[in-house]
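Step one of this worksheet: look at the structure below.
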Amino acid sequence: MKAVLAVCREKAPKATIILMGIFPRNDNAQNPVGVMPVINKINGNLAQLAEGKKIRYLNINDKLADKDGRLYDGVTMDRLHLSLKGYQIWADALKSIFTELLGPPAKDDHAPPPTGDPSAAKKPAAAG
């Protein structure tokens, strides 16, 4: 991870890197929280790589699971991959960091429609 961060710093020295903790998972039916000690150890190591200014560490596991690592209802689809609810929790946690770094969101959203939006295909192409 140190090498990846070094390349990121080299390629974009002014960028702020948000280093995310590994999310909890309960996908092993025989031992649903068995992997959590490993995840917690890795997350502890990741946190040490962040100096708090240009490399930020964000761990949202307390919003996804209880203190033992058991996932809260509805945050994943299959005890591994985030659901819409899980992604919203992640987005909400990132929002305050993005607002701090970039300022408040614009009043009007000028972004083009997402490529997965079926209504985008129905709009006539601009003449050009």
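Numbering (the numbering used here), first residue to last: 2 to 129.
Built from N, CA and C at the ideal position, the CB exists for glycine as well.
Model, not experiment: these values are computed from the prediction.
task: Compute the distance between the beta-carbons of PRO25 and ILE43, then report whether it is under 8 Å.
output: no
field: Entirely enclosed beta strand (DSSP E) segments - the stretch 48 to 73, minimum 3 residues
entry: 56 to 59
query: Looking only at C-alpha atoms, which of GLN49, LYS64, THR100 sits nearest to TYR58?
result: Looking only at GLN49, LYS64, THR100, the smallest Cα-Cα distance to TYR58 is reached by GLN49.
- request: List the residues that DSSP assigns as beta-bridge partners of LEU20.
  value: Beta-bridge annotation (DSSP): LEU20 is paired with TYR58.
- prompt: Helix, strand or coil: how does DSSP classify TYR116 here?
  reply: Reading the sequence as shown, one finds Thr at residue 116 and not Tyr. DSSP places THR116 in coil when its eight states are reduced to three.
message: Please report the straight-line C-alpha distance between ILE90 and GLU11, rounded to a whole angstrom.
response: 31 Å
task: Look at the alpha carbon of ARG80 and the alpha carbon of MET2, and state the distance between them as a whole number of angstroms.
output: Taking the straight line from one Cα to the other gives about 26 Å.
message: Tell me the rounded alpha-carbon separation between MET78 and SER84.
response: Computed Cα separation, rounded: 5 Å.
message: So, for LEU65: in the same chain, excluding its five sequence neighbours on each side, which residues have a beta-carbon less than 7 Å away from its beta-carbon?
response: PHE24, PRO25, LEU72, TYR73, VAL76, GLY87, ILE90
- prompt: So is GLY117 buried or exposed if we call it buried at 16+ other beta carbons inside 10 Å?
  reply: exposed
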